[in-house]
(Lines of atoms letter the chains of each structure in order from A and count residues from 1; the text may use other names and numbers.)
(Lines give C-alpha, C1' and ligand atoms only; values in the text may rest on other atoms or scores of the structure.)
Protein backbone atom coordinates (compact mmCIF):
# COMPACT_ATOMS: atom_id res chain seq x y z
CA UNK A 1 0.00 0.00 0.00
CA UNK A 2 1.45 3.37 -1.01
CA UNK A 3 1.87 6.18 1.48
CA UNK A 4 -0.30 9.29 1.35
CA UNK A 5 1.32 12.62 0.55
CA UNK A 6 0.08 14.86 3.35
CA UNK A 7 1.88 18.10 2.47
CA UNK A 8 4.33 19.38 -0.15
CA UNK A 9 6.23 22.65 0.41
CA UNK A 10 8.37 23.62 -2.60
CA UNK A 11 11.30 26.01 -2.15
CA UNK A 12 12.34 28.65 -4.71
CA UNK A 13 13.93 27.30 -7.88
CA UNK A 14 17.74 27.48 -7.97
CA UNK A 15 19.28 28.24 -11.39
CA UNK A 16 22.89 26.96 -11.28
CA UNK A 17 23.83 27.59 -14.92
CA UNK A 18 22.07 27.83 -18.26
CA UNK A 19 20.15 24.56 -18.61
CA UNK A 20 20.74 23.42 -15.01
CA UNK A 21 18.09 24.00 -12.34
CA UNK A 22 17.57 22.53 -8.88
CA UNK A 23 14.11 21.88 -7.43
CA UNK A 24 14.00 21.54 -3.63
CA UNK A 25 11.41 21.36 -0.90
CA UNK A 26 9.88 19.21 1.81
CA UNK A 27 7.14 16.61 1.79
CA UNK A 28 5.22 14.99 4.63
CA UNK A 29 4.58 11.27 4.05
CA UNK A 30 2.24 9.12 6.14
CA UNK A 31 -1.33 7.93 6.42
CA UNK A 32 -4.20 10.38 5.93
CA UNK A 33 -6.58 8.34 8.08
CA UNK A 34 -7.25 4.93 9.51
CA UNK A 35 -5.47 2.64 11.88
CA UNK A 36 -1.81 1.80 11.34
CA UNK A 37 -0.70 -1.76 12.03
CA UNK A 38 3.06 -2.09 12.31
CA UNK A 39 4.92 -5.20 11.29
CA UNK A 40 8.40 -5.43 12.72
CA UNK A 41 11.02 -5.36 9.99
CA UNK A 42 8.46 -4.87 7.22
CA UNK A 43 9.49 -3.79 3.73
CA UNK A 44 9.47 -0.14 2.64
CA UNK A 45 6.40 1.23 0.83
CA UNK A 46 6.08 3.40 -2.28
CA UNK A 47 5.59 7.15 -2.15
CA UNK A 48 5.36 9.59 -5.01
CA UNK A 49 4.06 13.02 -5.99
CA UNK A 50 4.13 15.57 -8.77
CA UNK A 51 6.07 18.73 -7.89
CA UNK A 52 3.49 21.52 -7.65
CA UNK A 53 5.70 24.41 -8.81
CA UNK A 54 7.12 22.92 -12.03
CA UNK A 55 5.70 23.55 -15.51
CA UNK A 56 5.06 20.54 -17.75
CA UNK A 57 7.71 19.40 -20.18
CA UNK A 58 7.24 21.05 -23.57
CA UNK A 59 5.38 18.95 -26.16
CA UNK A 60 7.83 16.73 -28.03
CA UNK A 61 10.79 17.75 -25.82
CA UNK A 62 13.34 15.13 -24.84
CA UNK A 63 13.39 14.30 -21.16
CA UNK A 64 16.21 16.17 -19.40
CA UNK A 65 18.77 14.38 -17.23
CA UNK A 66 17.43 14.15 -13.69
CA UNK A 67 19.15 13.34 -10.39
CA UNK A 68 16.84 12.76 -7.41
CA UNK A 69 17.74 12.91 -3.74
CA UNK A 70 15.55 12.46 -0.67
CA UNK A 71 16.60 12.65 2.97
CA UNK A 72 14.88 12.20 6.31
CA UNK A 73 14.18 15.42 8.21
CA UNK A 74 11.74 14.49 11.00
CA UNK A 75 10.48 11.16 12.30
CA UNK A 76 8.60 10.36 15.49
CA UNK A 77 8.40 6.82 16.84
CA UNK A 78 7.43 6.13 20.44
CA UNK A 79 6.24 3.27 22.56
CA UNK A 80 7.35 0.46 20.30
CA UNK A 81 9.09 -2.80 20.89
CA UNK A 82 10.54 -4.34 17.80
CA UNK A 83 12.59 -3.29 14.82
CA UNK A 84 10.94 -0.50 12.84
CA UNK A 85 13.24 1.20 10.34
CA UNK A 86 12.54 4.84 9.56
CA UNK A 87 13.83 6.51 6.42
CA UNK A 88 13.66 6.88 2.64
CA UNK A 89 15.51 5.11 -0.15
CA UNK A 90 15.66 4.69 -3.92
CA UNK A 91 14.58 8.24 -4.78
CA UNK A 92 13.84 8.68 -8.48
CA UNK A 93 12.57 11.48 -10.68
CA UNK A 94 10.96 11.45 -14.11
CA UNK A 95 8.58 13.46 -16.23
CA UNK A 96 5.38 11.38 -16.21
CA UNK A 97 1.97 11.81 -17.84
CA UNK A 98 -0.75 13.36 -15.69
CA UNK A 99 -2.84 10.47 -14.31
CA UNK A 100 -5.98 12.61 -14.80
CA UNK A 101 -5.37 12.57 -18.55
CA UNK A 102 -3.85 14.81 -21.20
CA UNK A 103 -0.64 14.55 -23.15
CA UNK A 104 1.58 16.72 -20.96
CA UNK A 105 4.33 15.25 -18.78
CA UNK A 106 4.98 16.62 -15.28
CA UNK A 107 7.96 16.26 -12.92
CA UNK A 108 7.37 13.40 -10.48
CA UNK A 109 9.45 12.33 -7.47
CA UNK A 110 9.03 8.84 -6.06
CA UNK A 111 10.82 6.34 -3.91
CA UNK A 112 10.45 3.95 -1.02
CA UNK A 113 9.87 4.89 2.62
CA UNK A 114 9.89 3.26 6.03
CA UNK A 115 7.47 5.61 7.77
CA UNK A 116 5.00 3.82 10.01
CA UNK A 117 3.93 6.93 11.89
CA UNK A 118 4.79 9.50 9.21
CA UNK A 119 7.93 11.40 8.32
CA UNK A 120 8.99 14.72 6.85
CA UNK A 121 11.41 14.34 3.97
CA UNK A 122 13.56 16.90 2.17
CA UNK A 123 13.99 16.50 -1.57
CA UNK A 124 16.27 17.82 -4.28
CA UNK A 125 16.01 17.18 -8.01
CA UNK A 126 18.77 18.47 -10.25
CA UNK A 127 17.62 18.90 -13.85
CA UNK A 128 19.96 19.33 -16.81
CA UNK A 129 18.44 20.09 -20.20
CA UNK A 130 20.10 20.39 -23.58
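Numbering (the working numbering), first residue to last: 15 to 144. Idealized CB from N, CA, C, for every residue including glycine.
- Taking the Cα of residue 137 as reference, the smallest distance to any Cα among 89, 81, 115 is reached at 81.
- Annotation: residue 61 to residue 31 spans about 30 angstroms, alpha carbon to alpha carbon.
- Between the region 62-80 and the region 97-105, the count of Cβ pairs shorter than 8 angstroms is below three; the stretches do not touch.
- Judged by their CB atoms, residue 18 and residue 45 are nearer to each other than the 8 angstroms cut-off.
- Secondary structure note for residue 105: its beta strand (DSSP E) is the uninterrupted segment 101-111.
- The Cβ neighbour count for residue 133, taken over all protein chains shown within 10 Å, is at least 16; the residue is labelled buried.
- Per the DSSP secondary-structure output, residue 82 pairs in a beta bridge with 139.
- Restricting attention to 112, 98, 77, 73, the CA atom closest to the CA of residue 131 is found in 98.
- For residue 119, the enclosing beta strand (DSSP E) stretches over residues 119-128.
- Contact check for residue 59 and residue 126: beta-carbon distance about 7 angstroms, within the 8 angstroms limit, so the pair qualifies.
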